[in-house]
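**Student:**
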Amino acid sequence: MLILYELKKQVEKPFVWVYLVVCVLVNFWALASEGYSAMKVAQQNEAVSAIGTTLISEDNATAEEQYLGEGYVTSVMNRGSGNAMEWLEFDIGQNVLLHSQNNCETGAKPLIMGISEPVFTQRLNELRENGENLHINGGEWLLGKIIPKLLICISFECAIFAMLISVKIGGQEFTEKTAQVVYSTKKGRSLGVKKLAASLIAAALFHVAVTAVSALLLLVICPCRNLLSASAFLENMETGNIVTWFPMSVGHYILANTAFSLFLTLIFGAFGYAVWGMLCSVPATVFGALGISTAPFALGFFLLPGEGLWRLIFASCPVSLIVGRAGFWFCESRNSIPIPGFEVISAAAWGVIAFVFVMLAVNRLKRVKL
Amino acid sequence: MLSVNNVTMKYGNHTVLDDISVDFENGVYGLLAPNGAGKTTLIKLLATLHFASSGAVLWNGESITALDEKYRDIIGYLPQQFGYYKSYTPTAYLLYLSALKGIPHTAAKQRVEELLELVALSDVRNVKLKKFSGGMIQRVGIAAALLNDPKVLLLDEPTAGLDPKERVRFRNIIAGLSKDRIVILSTHIVSDVESIANRIIMLQNGKIYCNETVAEVCGRLAGMVYEAELPAAETADFSHNHFVLSERFEGDRAFLRFIGDGSEGYAPKNAGLEDVFLYLYCDTEGGNADTL
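These protein sequence lines are chains A and B, in that order. Going left to right, the first sequence walks through residues -13 to 356 as this note's numbering numbers them. Going left to right, the second sequence walks through residues 25 to 316 as this note's numbering numbers them.
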């Protein structure tokens, strides 16, 4: 019964519905857009309009001149990209056509990679039958799992939603000063757990709602060709290299920062400082999506005044990131493939830390001092 | 019976409650002390929102900390400033709190109706709380505290901010509730408890100064309260030489209620609870507790 009440509180919040609309719009943009790489190349060379669109060879002096036949563009690289040749060889090894070695060397034009339509169709059919991966441009492009990838995208939104709702609901008794009334009731002390459970249920319901609306957009509004673009959004769109160690995919960043934000929210919220959690975690997520590392935030927390448990919590932030970074260096030193999104490892570390401290926080709620 | 046994409450080095012991049985207890004296701390201890630095609070011989939910099941608590969900109606708010108190939904609906009737809010049961006046909110709070028909009702300055009419209404409600339960009413407004409290507990320097009936408390100033009628111009000199409890002016005449020894020929007056409060908690360091 209490969970129902908490759930009701959550869906009654206007910001929930505002966020729902924002998510649907973002998904719509992700689905309907032409993809980041395509947009990038469009700025440099208007010849390519979208990844996934048919590219027809032309006999003129543009980049497409090097194109060996009709096919689908799968990626576009910046001119002079260091790994271009490696990827090119890799792609060729996977029956991928379309390149412009001259372009790569001279740096005059973007390097366009793609796959011919017969090969594309063949590979697609194989994928549908076997569920195998098609490796293009050094990244995993699970054509057979495009829809699940979109769901992952939506899941990120839901994780952020869960974070927001947790902040709002977890801290509600403190922001609305109902804590004294609530915690003096028979079941008030165990309400924190129920609130978290209700937040997760709300996030799941939200997931269903956003998925349904996004699927509707996908099926009704967007042509299927843009499935590739939507996938490319998470996989290929690189975050800005502002204070990050190296460019990361949007997906990895959102994941890492969402974990970070959830951690902050849970901890701050459970300890009764939900406003702090909100102040810290929301910008962390937003900046994370823009490609700014979580490290400055973590260091900021480290510098915050605190003692005992608090300092330990703050200290755990940079430590976990450093551990993640060390893991990456280790992979590099062994000349092995760096784990894509080492921050995900860091995020996992966050998860463990978060779990421990949330349990401590929940325990503390039972003896809360007001 | 609710017993506070040798309880000390400290915030850092500051001792708010110092080794206090008191037993509560059915009836109204007026917890009377100025702001900052530790009334709210004691109430929160009884509401399990604070935990004593030392000592114990017992309900029928068992520690309330050990009883945990079982104890919170029998208390009703109205905080000094209680929050509420502004977008809720009183019905929705009380039903939510009923769920928190573990009352089955069907029983809760009936109970909420009864309580809204008791606090005269039936006709606004579906109006959102954000449209309520302070007095109406306070009545919602009282209803919330009574939801589980508590054996121990803790009211922390419940009449603060209420107009006289609301305060009288509130006093009548409390008086009606006190027959078969412990009501502990914390306040610094003497008139709130003077007419309804069975016993008055006064705190002084973190200790219990007295735990007596109103008559016994007032008896402490028996023969010490006098009233003088003077020209208004002489009040300053008079106040300088006497402990004046109150002043009233009518034209160029002043009526001063003061503490005296009867040697000046003024007629003694019956001491009221307010007289004791003013005398005990005067601005003198430590008050006048030693002289009573």
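Where a beta carbon is used, it is the ideal one built from N, C-alpha and C, also for glycine. In this text the structure is predicted, and so the values were computed from the model without any measurement.
(1) Among residues of its own chain, excluding the 5 on either side of Ile98/B, which ones have a beta-carbon nearer than 8 Å to its beta-carbon?
(2) Which two residues bound the contiguous beta strand (DSSP E) that contains Glu274/B?
(3) On the premise that Ile208/B lies in contact with Ile22/B, defined as a C-beta separation below 8 Å, what is that separation, rounded to the nearest angstrom?
(4) The segment 36 to 60 of chain B: which residues have C-beta closer than 8 Å to a C-beta of chain A, in chain order?
(5) With respect to the alpha helix (DSSP H) encompassing Gly165/B, which residues constitute its N-terminal and C-terminal limits?
(6) Can you name, in chain order, every residue of its own chain whose Cβ lies under 8 Å from the Cβ of Lys133/B, other than the five neighbours on each side?
(7) Identify whether Ala278/B lies in helix, strand or coil by the three-state DSSP scheme.
(8) Between Gln(-4)/A and chain B, is there a C-beta pair that is closer than 7 Å?
(9) What residues are listed by DSSP as bridge partners for Phe48/B?
(10) How about Ala71/B: is its C-beta nearer than 7 Å to some C-beta of chain A?
(11) Anyone know if the C-beta pair for Ala57/B and Lys63/B falls short of 7 Å?
(12) How far does the alpha helix (DSSP H) with Arg191/B in it reach, from first residue to last?
(13) Measuring CA to CA, which of Asp42/B, Val81/B, Asn37/B and Ser77/B is closest to Phe48/B?
(14) Using three-state DSSP, classify Asn227/A as helix, strand or coil.
(15) Go through its chain and collect everything with a Cβ distance to Leu91/B's Cβ below 8 Å, but skip five positions before and after it.
(16) Along chain A, in chain order, which residues have C-beta atoms closer than 7 Å to that of Glu97/B?
(17) May I have the straight-line CA-CA distance separating Gly284/B from Val249/B, to the nearest angstrom?
(18) Chain B partners of Val167/A, CB-CB under 9 Å?
(19) Let me confirm a value: Val300/B is counted as buried when at least 16 other C-beta atoms fall within 10 Å, else exposed. Which label applies?
(20) Would you give the residue range spanned by the alpha helix (DSSP H) that Pro114/B belongs to?
(21) Measuring from the CB of Leu121/B, is there a heavy atom of the ligand ATP at a distance below 6 Å?
(22) Counting only beta-carbon atoms, is Glu93/B nearer than 7 Å to chain A?
(23) Which one of Met25/B, Leu139/B, Ala168/B and Gly230/B has the shortest CA to CA distance from Asp42/B?
(24) Looking at C-beta atoms only, is the number of pairs between the segment 254 to 262 of chain B and the segment 208 to 226 of chain B that lie closer than 8 Å three or more?
(25) Where does Ile220/B fall in DSSP's three states?
(26) Starting from Tyr101/B, follow the beta strand (DSSP E) in both directions and report where the run begins and ends.
(27) Just checking my contact of Leu(-12)/A with Lys172/A at CB under 8 Å: how many whole Å lie between their CB atoms?
(28) Taking the continuous alpha helix (DSSP H) assigned at Gly296/B, which residues delimit it?
**Tutor:** So, to answer that:
(1) Same-chain partners within the cutoff: Trp83, Asn172, Pro174, Lys175 and Val176.
(2) According to the DSSP assignment, Glu274/B belongs to the beta strand (DSSP E) that extends over Phe267 to Glu274.
(3) Given a span of 25 to 316 for chain B in the structure shown, any question on residue 22/B remains unanswerable.
(4) Shown here is that no member of the segment 36 to 60 of chain B has a Cβ falling below 8 Å from a Cβ of chain A.
(5) Segment Gly158 to Leu170, the alpha helix (DSSP H) holding Gly165/B.
(6) Taking Lys133/B as the centre and dropping the five residues before and after it, the same chain places the C-beta of Leu119 closer than 8 Å to its C-beta, in chain order.
(7) Looking at Ala278/B - three-state DSSP - the assignment turns out to be strand.
(8) Cβ-Cβ to chain B under 7 Å: no for Gln(-4)/A.
(9) Looking at the DSSP assignment, Phe48/B forms a beta bridge with Leu26/B.
(10) Ala71/B counts as touching chain A.
(11) Using a Cβ distance threshold of 7 Å, Ala57/B and Lys63/B count as a contacting pair.
(12) Taken as a continuous stretch (DSSP letters only), the alpha helix (DSSP H) holding Arg191/B covers Pro188 to Leu201.
(13) Ranking Asp42/B, Val81/B, Asn37/B and Ser77/B by CA distance to the CA of Phe48/B puts Val81/B first.
(14) Residue placement at Asn227/A is flagged as unreliable, the pLDDT there being 34, under the threshold of 50; the coordinate-derived value follows with that caveat. Note: Asn227/A maps to coil in three-state DSSP.
(15) In chain order, Trp83 place their CB closer than 8 Å to the CB of Leu91/B, counting only its own chain and leaving out the 5 sequence neighbours on each side.
(16) Going by the sequence as given, residue 97/B is Asp instead of Glu. Close partners of Asp97/B in chain A (Cβ separation under 7 Å): Lys172.
(17) Just so you know, the alpha carbons of Gly284/B and Val249/B end up roughly 6 Å apart.
(18) Within 9 Å of the CB of Val167/A, the CB atoms of chain B belong to Tyr101, Leu102, Pro103, Phe106, Gly107, Tyr108, Leu121, Leu124, Gly165, Ala168 and Ala169, in sequence order along the chain.
(19) Buried: at least 16 other Cβ atoms inside 10 Å.
(20) Residues Pro114 to Leu124.
(21) With respect to the ligand ATP, the structure shown offers nothing to examine, as it has no ligands at all.
(22) With respect to chain A, the C-beta atom of Glu93/B has a partner C-beta closer than 7 Å.
(23) Of the residues Met25/B, Leu139/B, Ala168/B and Gly230/B, the one whose Cα lies closest to the Cα of Asp42/B is Gly230/B.
(24) Taking a cut-off of 8 Å on C-beta distances, the segment 254 to 262 of chain B does not touch the segment 208 to 226 of chain B, as fewer than three cross pairs fall below it.
(25) Residue state, collapsed to three classes: coil.
(26) From DSSP, the beta strand (DSSP E) with Tyr101/B extends over Ile99 to Leu102.
(27) Actually they are not in contact, since the Cβ atoms of Leu(-12)/A and Lys172/A sit about 11 Å apart, beyond 8 Å.
(28) Element bounds for Gly296/B: n/a, residue is neither H nor E.
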